[in-house]
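Numbering (our numbering), first residue to last: 1 to 267. We treat Cβ as the ideally placed atom computed from N, Cα and C, and that holds for glycine. On a predicted model such as this, the values are computed, not experimentally measured, just so you know.
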């Protein structure tokens, strides 16, 4: 069997008892850290707590050579570990489908997800979130032109037109590192300056850092001001709310230090 186990948000202790039981009963344990990473732990601490040798898979191992290690599950009990919830990433759904095509039974043990954590930390209502967006690092072409993706701006605009909040995931790049809330806001405001469609103008934004840790940081302010706030160490995530329900506005003021002026313009 191939068992997919979500590790939760921050460290090795976030795993569920069901997940720990799956690991203890496993013949082989694999983990990938490229779709998400637990910032509060490392492989050594995980192996010490779980009492199992864990093999780290690269992006290429997961996306291009998956059949090679999935095949282990034909006659062994294999566990595949991921940060957050085990099926949030499309990549993991693809792995499950590949296993089924190979005649391998699968099971899921879900873990805490950033998708639900951001609602609890900010007080924004989970059913009011639309399509999520990702802000990638800008890059320079072979001709020396700097390219900034406008796709997240378009997604935020579409969600706002429908009265929906946007969860904005921030790029993790092997060379450029972990994008911060500050960098993401700079990029979105740069696109706003180019497009001038009012998506980010005087827009309340919410930054969250180290969700799931003992001391997460949650701060809400207008985008121009929030881009200067020090969120500290990664991982960061950004939320761009649409119109606010009065309970959401009150939550942002009390839980995230938002300016009280947002209470004047609520649904």
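query: Neighbour flag for residue 75 against chain C, beta carbons, 9 Å; result: Of the protein chains in this structure there is only one, and it is not chain C.
query: From 22, 9, 71, residue whose alpha carbon lies closest to that of residue 39; result: 9
query: Proximity test, residue 203 beta-carbon vs the ligand FMN heavy atom, cut-off 8 Å; result: As far as ligands go, the structure on display features none, and thus does not contain the ligand FMN.
query: Touch test, the region 170-181 against the region 127-144, Cβ-Cβ under 8 Å, three pairs minimum; result: yes
query: Through-space distance from residue 16 to residue 208, alpha-carbon basis; result: 24 Å
query: First through last residue of the alpha helix (DSSP H) which encompasses residue 118; result: 114-122
query: Length-filtered (4 minimum) alpha helix (DSSP H) runs lying within the region 193-248; result: 223-226
query: Residue 241 classed as buried or exposed, judged by whether at least 16 other C-beta atoms fall within 10 angstroms; result: buried
query: Backbone secondary structure at residue 139 - three-state DSSP; result: strand
query: Backbone secondary structure at residue 256 - three-state DSSP; result: helix
query: Every unbroken beta strand (DSSP E) inside the region 13-79 [3 residues or more]; result: 28-32, 54-57
query: From 126, 34, 148, residue whose alpha carbon lies closest to that of residue 175; result: 34
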